[in-house]
């Protein structure tokens, strides 16, 4: 593999964090759409009480709940795949043998993150079944329309209480994924330090701060602490990581000049 191709492919690694950020924004947008769909189903239930509307509301509720939990793992997967694609050509060069060892860690990361995503997909129908039975058991069609809206939209805690344990397990899986991503970053910093005498300080600080924040974010989610502000903090952390990663990897390009 020649240096020119390795140099061009490094651009993928430099942009890996930004790819992850874009995916996160897209997934949050999809979650917003699912929230809107759930509201529309709720309003339909108010207007036309019918069992099929519970099915739609239950799926929207389930998918939104899972997506808001699993978004971070999908982002990690996109970042790791991008880094592997970018660094693999470089690892073929003899002087970058340490990068070859690091790409094996990236492959392991891909397996771990895919496994957690598959687990979330497996949990989706189970959670849906519980949500459906919970909503259907409340006899919402026999109370006033405003009360139905109140229970389904403004105070859905009684639904969450039934799937609390399952969502907890998903949040624990995401915390494990975040800690594994932290390990990947630490190994990456060691590999870069082996090749580069002086790492970009701003890059190291940005990456370190972002990862610490994401770990804290995952811990709070396990503790069932959620809010729009917390999701915004996650996005800002991913932006910090994207910037720091780009600065760190740029140094590798200089070694190929």
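In my numbering, the protein residues as written are 4 to 260. No residue lacks a Cβ here, since even glycine has one placed at the ideal position from N, Cα and C.
For residue 92, the uninterrupted alpha helix (DSSP H) run begins and ends at 54-94, by DSSP.
In the same chain as residue 155, and ignoring 5 residues on each side of it, the C-beta atoms closer than 6 Å to its own belong to 45, in chain order.
In this structure, the straight-line span from the alpha carbon of residue 78 to that of residue 24 is close to 7 Å. Under the three-state reduction of DSSP, residue 189 is assigned to helix. Scanning the stretch 87-151 for uninterrupted alpha helix (DSSP H) segments of 4 residues or longer gives 100-139, listed from N- to C-terminal end. For residue 117 against residue 190, the beta-carbon gap comes to about 19 Å, at or over 8 Å, which does not count as contact.
In terms of Cβ geometry, residue 38 and residue 63 form a close pair [threshold 9 Å]. In the three-state reduction of the DSSP assignment, residue 38 falls in the helix class, which pools H, G and I. For residue 213, the closest of 197, 168 and 239 by C-alpha to C-alpha distance is 239.
According to the DSSP assignment, residue 252 belongs to the alpha helix (DSSP H) that extends over 231-258.
Here residue 226 carries a coil assignment [DSSP, helix/strand/coil].
Residue environment for residue 35: exposed (fewer than 16 other C-beta atoms within 10 angstroms of its C-beta). Within a 10 Å sphere around the beta-carbon of residue 197 sit fewer than 16 other beta-carbons, which makes this residue exposed. The distance from the Cβ of residue 19 to that of residue 69 is about 25 Å, inconsistent with a contact at the 8 Å cut-off.
With respect to residue 139, residue 54 sits close: the two C-beta atoms are nearer than 9 Å. In this structure, residue 26 and residue 83 do not form a Cβ contact; the two beta carbons are roughly 12 Å apart against a cut-off of 8 Å.
Annotated as distal: residue 248 and residue 171, with beta-carbon spacing of 9 Å or more. Between residue 16 and residue 252 the beta-carbon gap is near 5 Å, inside 8 Å, which marks them as a contact. Around the C-beta of residue 110, fewer than 16 other C-beta atoms lie within 10 Å, and the residue is accordingly described as exposed. Take residue 93, set aside five residues on each side of it, and the residues of its chain with a beta-carbon closer than 6 Å to its own are 9, 99 and 102, in chain order. Around the C-beta of residue 162, 16 or more other C-beta atoms lie within 10 Å, and the residue is accordingly described as buried. In this structure, residue 31 sits near residue 74, with a CB-CB distance shorter than 9 Å. In this structure, residue 58 sits near residue 135, with a CB-CB distance shorter than 9 Å. Exclusion of the five residues before and after residue 187 leaves 83, 108, 109 and 112 as the residues of its chain whose Cβ lies within less than 8 Å of its Cβ.
The Cβ neighbour count for residue 201, taken over all protein chains shown within 10 Å, is under 16; the residue is labelled exposed. By alpha-carbon distance to residue 199, the top candidate from 254, 76 and 114 is 254.
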